[in-house]
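In what follows, a structure is listed as structure tokens, so that the remarks can point back to it.
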Amino acid sequence: MSSVETDADGYTKSLSKRQVQMIAIGGAIGVGLFLGAGGRLAAAGPSLILSYAVCGLAAFFVMRALGELVLHRPVAGSFVEYAREFIGPWAGFTSGWMYWVNWAMTGIAEITAVAIYMHKWFPDLPQWITALVALVVLVAINMLSVKLFGELEFWFSVIKVTAIVVFLVTGVGLVIGAADIGGTTASVSNTLGHGGLFPAGFGVALMTLQAVVFAYAAIELVGIAAGETKDPEKIMPRAINGVVYRIAIFYVGSVLLLTMLLPWHHFTGTESPFVTVFSALGIPAVGDIMNAVVLTAALSSCNSGLYSTGRILRSLAQKGEAPAFTGKMNSRHVPYGGILFTGVAYLFGVVLNYIVPKDAFDIAIAIASLGVVSTWATLIICQMKLRQKALKGEVQRPSYRMPGAPYTGWLTLAFLALVVGQMAFSSGHAERIAFWSIPGLALVLFLGWRYVKSRQPAAAQEQLVTVD
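Using the UniProt record's numbering, the first residue of the sequence shown is number 1, and each one after it goes up by one.
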């Protein structure tokens with residue numbers, strides 16, 4: 001048995017403030033920006049800037065709701081425990097498994113992106129082989145101690161953030177200097193000079209919301225890490241504020257600059273828009289460097305997904321709501337059962353890359369978006385319940401609060417409903433598949449909860465959290 005000091009759930013308090021901030025930023029800066037923005041720009045044009053700004057505002061309110069909940073009770077398992085406390089046991093079960101669906105699909109998107117990025121250097125290498133190699137490496141890394149995981153993620157995130165900062169600074173310089181980029185002059189006029197703000201129409205712009213919400217996914221990782229954070233009362237508010245502001249600047253700023261550097265129709269969904277810009281500059285080496293950075297981004301974000309799902313599944317297993325194996329923890333205090341369970345699910349991504357390599361990315365992010373919406377809605381509802389209990393004097397509300405509550409909460413929920421509803425009318429095959437999968441997901445969750453309830457007395461007697 002390890003002599004390392006642990007909490008009641010068996011986790012070590014190993015993550016520092018800098019690691020927590022970078023885990024959240026690193027998880028969010030992934031394929032949604034580095035790859036997804038290219039295809040969305042090609043489809044919707046400059047209106048994508050507004051989409052990122054609106055989704056960023058929703059993400060801000062979600063994160064403030066999460067911050068209030070975390071300060072109420074820092075716990076590993078995060079919103080699953082809050083859903084169980086403020087809504088009911090069924091909500092904890094549902095939100096936990098929807099979060100897992102989110103990250104399972106996100107991981108598939110990430111390893112698909114890895115394969116797409118590698119295609120630039122190895123055009124004859126099948127996507128599924130690259131995806132499989134990436135999966136094996138990521139699962140192996142995630143089996144290490146949380147302290148080492150945090151350090152690795154810190155440096156992965158430093159690389160991504162540095163690359164974006166360099167891009168922002170370089171991009172501004174190119175625009176100011178009216179640089180020639182592939183025969184096009186970098187200029188502010190490029191943003192609105194090729195069909196206006198909505199060159200493909202407002203409807204197409206509306207349809208990008210689902211993909212943009214996916215791009216903001218994983219900012220809630222900071223809440224998952226609360227249970228393994230030193231001094232969460234001081235660290236979490238700063239970490240949450242820092243994540244929200246930086247992500248908004250990086251996302252909105254990057255997309256705005258991309259439209260200034262090249263007309264929107266120069267971008268495609270088969271290459272990172274950042275690589276497109278630097279390759280158009282006529283400096284192939286810079287394009288290769290940027291491709292390496294976005295490759296790191298995809299690996300890092302997928303790594304964060306394995307980290308978070310391992311903790312969420314263990315939280316569910318403790319209540320008998322997930323397979324007993326997912327509650328296992330090793331001597332390094334890593335929930336290896338949940339990590340391996342998710343890793344097996346990622347194999348589905350390898351299969352997708354073998355069967356439909358061209359559609360794997362879009363299908364994965366469309367379904368993942370449902371998980372993101374579910375997670376965000378759960379956090380907002382839990383914050384509303386916390387506020388109601390505080391008004392009744394049943395609990396004490398933390399000083400770090402969601403601004404404008406409850407009105408901002410209702411607005412955020414309405415926005416999330418719009419995101420899901422518009423998927424039914426999307427021209428994209430992947431979005432429609434995701435929307436019509438909702439009844440199937442609901443049925444599986446309902447049957448799963450009925451099964452869990454039928455076994456609840458026996459499950460309550462089992463101890464699923466032993467350290468091997």
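We treat Cβ as the ideally placed atom computed from N, Cα and C, and that holds for glycine. Model, not experiment: these values are computed from the prediction.
So, is residue i buried or exposed, given that buried needs 16 or more other C-beta atoms within 10 angstroms?
| i | result |
| --- | --- |
| ILE235 | buried |
| residue 481 | For residue 481 there is no data in the structure shown, the boundaries of the chain being 1 and 468. |
| ALA430 | buried |
| LYS392 | exposed |
| PRO335 | buried |
| GLU462 | Unreliable placement is indicated for GLU462, whose pLDDT of 45 sits below 50; the coordinate value is still reported in the next sentence. Burial call: exposed. |
| LEU447 | exposed |
| ALA8 | Confidence at ALA8 is low in this model, with a pLDDT of 49, below 50, so the placement of that residue should be treated as unreliable; the coordinate-derived value is given next. When all chains shown are included, ALA8 counts as exposed. |
| PRO123 | exposed |
| ASP362 | buried |
| PRO454 | Inspection of the sequence shows that residue 454 is occupied by Ser rather than by Pro. Exposed is the call here. |
| GLU220 | buried |
| GLY92 | buried |
| ASP468 | Bear in mind that a pLDDT of 47 at ASP468, under 50, signals an unreliable position, so the number given afterwards is only what the model happens to contain. Looking at its Cβ environment, which holds fewer than 16 other Cβ atoms inside 10 Å, ASP468 is exposed. |
| ALA285 | exposed |
| GLN19 | buried |
| PRO232 | buried |
| TRP97 | buried |
| THR191 | buried |
| ARG450 | exposed |
| ALA442 | exposed |
| LEU464 | Reliability of the predicted coordinates at LEU464 is poor, the pLDDT of 40 falling under 50, and the value obtained from them is presented with this limitation in mind. So LEU464 ends up on the buried side. |
| TRP121 | exposed |
| ILE339 | buried |
| ILE176 | exposed |
| TRP155 | exposed |
| GLY327 | buried |
| ILE164 | buried |
| THR466 | Because the pLDDT at THR466 is just 42, under 50, the model does not fix this residue reliably, and the value given afterwards should be weighed accordingly. THR466 comes out exposed. |
| ALA460 | Only weak support is given to the placement of ALA460: the predicted model assigns it a pLDDT of 48, under 50, and the value that follows is read from those uncertain coordinates. By the 10 Å Cβ count, ALA460 comes out exposed. |
| GLN388 | exposed |
| SER427 | exposed |
| GLY282 | exposed |
| ALA414 | exposed |
To the nearest whole angstrom, what separates the beta carbons of residue i and residue j, a pair I think is in contact under 8 Å?
| i | j | result |
| --- | --- | --- |
| ALA368 | ALA200 | Not really, about 24 Å apart at Cβ, beyond 8 Å. |
| LEU197 | GLN422 | In fact, because the Cβ distance is near 19 Å, the residues do not count as touching under 8 Å. |
| GLN456 | GLY320 | 7 Å |
| ILE159 | VAL293 | 6 Å |
| TYR251 | TYR52 | 5 Å |
| MET384 | PHE61 | About 12 Å separates the two Cβ atoms, so there is no contact after all. |
| LEU125 | ILE141 | About 22 Å; that fails the 8 Å criterion. |
| LEU411 | LEU69 | 19 Å between Cβ atoms; not a contact. |
| VAL101 | GLY440 | 11 Å between Cβ atoms; not a contact. |
| ILE249 | MET63 | Contact doesn't hold; Cβ gap of about 15 Å is too wide. |
| LEU35 | LEU138 | Not quite, the Cβ-Cβ distance comes to about 17 Å (not below 8 Å), so this is no contact. |
Looking at residue j and residue i, is the spacing between their C-beta atoms short of 7 Å?
| i | j | result |
| --- | --- | --- |
| VAL277 | LEU256 | no |
| ILE29 | ALA364 | no |
| ALA65 | ILE380 | yes |
| VAL128 | ASN353 | Just to set this straight, residue 128 is Trp in the shown sequence, not Val. In this structure, ASN353 lies closer than 7 Å to TRP128 by Cβ. |
| THR342 | ALA83 | no |
| GLY305 | TRP103 | yes |
| LEU41 | TRP264 | yes |
| SER374 | VAL80 | no |
| PRO273 | ALA424 | no |
| GLY253 | LEU168 | yes |
| ALA280 | ILE181 | yes |
| TYR400 | GLY56 | no |
| LEU44 | VAL204 | The amino acid at residue 44 is misidentified as Leu; the sequence shows Ala. For ALA44 and VAL204, yes; Cβs fall inside 7 Å. |
| ALA215 | LEU33 | yes |
| ALA366 | ALA434 | yes |
| PHE202 | CYS382 | no |
| THR94 | LEU445 | yes |
| PRO46 | THR268 | no |
At a cut of 8 Å, does the region 399-419 reach the region 181-188 through at least three beta carbon pairs?
-> no
Jot down the residue ranges of each uninterrupted alpha helix (DSSP H) in the region 281-336, minimum 4 residues, whole runs only, in chain order.
-> 284-318
Counting pairs of Cβ atoms below 8 Å between the region 106-120 and the region 131-143, do you hit three or more?
-> yes
Scan the region 150-195 and note each continuous alpha helix (DSSP H) run of 4 residues or more that stays entirely inside, going in chain order.
-> 189-192
At 4 residues or longer, and completely inside the region 350-414: list those alpha helix (DSSP H) runs for me, N to C.
-> 360-391
Unbroken alpha helix (DSSP H) runs of length 4 or more, entirely within the region 25-100: which are they?
-> 31-34, 36-44, 47-72 and 79-86
Along the chain, which unbroken stretches of the beta strand (DSSP E) at least 3 residues long are found entirely within the region 230-276?
-> none
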